[in-house]
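J.: Have a look at this one before I ask anything.
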Amino acid sequence: MSLQCRAQRSASDLSWEVFHVKNLMLICNLIQNGSAPFDDINSYHMPSWTTLDLGARYVFGREKTMAILAGNKRLRQ
Numbered sequence: 101m102s103l104q105c106r107a108q109r110s111a112s113d114l115s116w117e118v119f120h121v122k123n124l125m126l127i128c129n130l131i132q133n134g135s136a137p138f139d140d141i142n143s144y145h146m147p148s149w150t151t152l153d154l155g156a157r158y159v160f161g162r163e164k165t166m167a168i169l170a171g172n173k174r175l176r177q
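Residues in the sequence shown are numbered consecutively from 101, following the working numbering.
Set out below in structure tokens:
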């Protein structure tokens, strides 16, 4: 019999359309993961970690030929 324990996780997402720059959106995601068991018998636990994602999205082109250019930079604790 294997007892499995899931780590706690919380997340926040923020998107902001920059009104001074048409078609530009800035994106921020913050994810907190709690400590989690690494093996089936819970003898080793991975420490908690936080991930911060920062990104930007820019839409350009005409209505019929619209394209989206997106980028993302991930920073880890």
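Even for Gly, the Cβ is constructed at its ideal location relative to N, Cα and C. Note that the structure is predicted; figures quoted are calculated from it, not measured.
Counting only the same chain and skipping the five closest in sequence on each side, list residues whose C-beta sits under 7 Å from that of Ser110.
T.: Only Gln132 meet the Cβ criterion.
J.: Since Asn136 contacts Met125 with CB under 8 Å, what's their CB separation in whole angstroms?
T.: With the sequence shown as reference, residue 136 is identified as Ala, and Asn is not the correct amino acid for it. Contact flag wrong, Cβ pair sits at about 32 Å.
J.: Residue range of the beta strand (DSSP E) that Gly155 falls in?
T.: Element bounds for Gly155: 149-160.
J.: Return the bridge partner residues of His145 from the DSSP annotation.
T.: Answer is Pro137, bridged to His145.
J.: In chain order, what residues of the same chain have a beta carbon less than 6 Å from the beta carbon of Ser112, not counting five sequence neighbours either side?
T.: Counting only Cβ-Cβ distances below 6 Å, and skipping sequence neighbours, we find Leu130.
J.: Taking 6 Å as the limit between beta carbons, can you name the residues of its chain near Lys144, skipping five residues before and five after?
T.: It is Tyr, not Lys, that sits at residue 144 in the sequence shown. Closer than 6 Å at Cβ, skipping near neighbours: Phe138.
J.: Tell me which same chain residues have a C-beta within less than 7 Å of the C-beta of Gln108, skipping the five on either side of it?
T.: Gly134, listed in sequence order.
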